[in-house]
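Numbering (the working numbering), first residue to last: 12 to 135.
Input: a single structure, listed below in structure tokens.
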């Protein structure tokens, strides 16, 4: 028969496993009690804290995150969606930028430059 102590030990062990063995049993107890034993909440808080830059007080940050989640004051970070701004193929190193071609396309090249450009492209 499971006693309350067995249940508490199991929750502490689950918390330590969820937090990838980065906490001591006493720290796990603090985290577990702040999250009311809700492993989903603890896991969510841990994943958030893990994604942040290194923190001075890892356990305190997790507990604070859990408290904010419980009070509804925690806004999950939105995942960033890549925009189509940079969706073109880069120029290969072997390709050189043709200022002459640019001038011809913009209509700013002289007649001599157009003739030279057409020769380069093989359109004589």
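Backbone N, C-alpha and C fix where the C-beta goes; we use that ideal spot for every residue, glycine too.
Where residue 64 sits in the DSSP three-state scheme: coil
The alpha helix (DSSP H) enclosing residue 126, as first and last residue numbers: 122–132
Residue span of the alpha helix (DSSP H) that contains residue 79, given as start and end: 69–82
Buried/exposed call for residue 116, threshold 16 Cβ in 10 Å: So residue 116 ends up on the exposed side.
Beta-carbon spacing of residue 46, residue 40 below 8 Å: Note that the C-beta distance between residue 46 and residue 40 is not below 8 Å.
The segment 54–61 touching the segment 72–81, judged by at least three CB pairs closer than 8 Å: Counting Cβ pairs under 8 Å, three or more are found: they touch.
Alpha carbon of residue 44 to alpha carbon of residue 20, nearest angstrom: 12 Å
Contact under 8 Å by Cβ, residue 122 with residue 111: Residue 122 places its beta carbon 8 Å or farther from that of residue 111.
Residue 193 burial status per 10 Å Cβ neighbour count (16 or more: buried): Absent from the model: residue 193. The displayed extent of the chain is 12 to 135, so no value can be given.
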